[in-house]
Each structure stands twice: as structure tokens, then as C-alpha cells.
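Accompanying notes for the structure given below.
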Amino acid sequence: EELKLLDNSYIPEKFNMKRGPGELVHCQVAMMKERASPGGGTVDAIAAFKHRWKLSPEQEAKLRTLSHKDLRFVFKEYDESEAFEDVLEQAQTSEADESITEGTLHDEPGLHVMS
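The numbering of the sequence shown is our numbering, which starts it at 3 and goes up by one.
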């Protein structure tokens, strides 16, 4: 599957004295994967979620304001089968299960508790 990313657009150097063709292809695939990943620097849980589901900056800003309970609900339930705003509404009406660790601190800022 990784070689399909190259799609005949890359040909390794034949006369590279330091690296063999396999190493050159591996480096090219790694660089292509890096380009498709979230931006450089530290990536928190919300930034990774935004990248995975290709959310807009406005939706990311809404996620950053959610409580721990609501953010966990969105992370667990969102799968693009429903609108993002509908999942946010469901999160606000959901009940936290305080019998498990994930259900504690449900009113605290979501990203801070999850980090």
C-alpha cells in the first residue's frame, strides 16, 4: 500500500553511493507520510482528532471549549454519520458514568484533563 503512494512518480537515484534503492524508496515514503500528518510541533488530542476527521478551525475551537465529559463523548461517538453539531448537542445531554475513572472530573476543561 505504501508503494502505491509513489504511483510511478518517484524513481530512486541509480548511482547514490551512500544509500541503496530500498533506503531511498523508504525515505521517500516516510516523507510523503509526514506531509499528510498534522503540522509540526506538539499535537494534542484535539489537534489529532481534527486532523483525522478533517474538521474546520471553527469546529476545533468548539472542541477546545468542551468539558471533559462532553469531549470524551464526542471522541467516542463522532464518526461522520451524524452532523458534528448534533453530536455536540448529544454530548451536552449525556450522563457521565462516575463509577469509572473516565467519568470523574466531568465539569473540568476537557483537553486539560485528557492530557
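From the three backbone atoms N, C-alpha and C, an ideal C-beta is built for every residue, glycine too.
Quick check: the Cα distance between residue i and residue j, rounded to an integer number of angstroms?
i	j	result
residue 75	residue 5	37 Å
residue 63	residue 46	13 Å
residue 73	residue 65	7 Å
residue 35	residue 27	12 Å
residue 40	residue 50	7 Å
residue 57	residue 77	13 Å
residue 25	residue 19	12 Å
residue 82	residue 21	43 Å
How would you label residue i, buried or exposed, when you count the other beta carbons within 10 angstroms and need 16 or more for buried?
i	result
residue 93	buried
residue 48	buried
residue 71	buried
residue 52	buried
Tell me which same chain residues have a C-beta within less than 8 Å of the C-beta of residue i, skipping the five on either side of it?
i	result
residue 30	8, 12, 14
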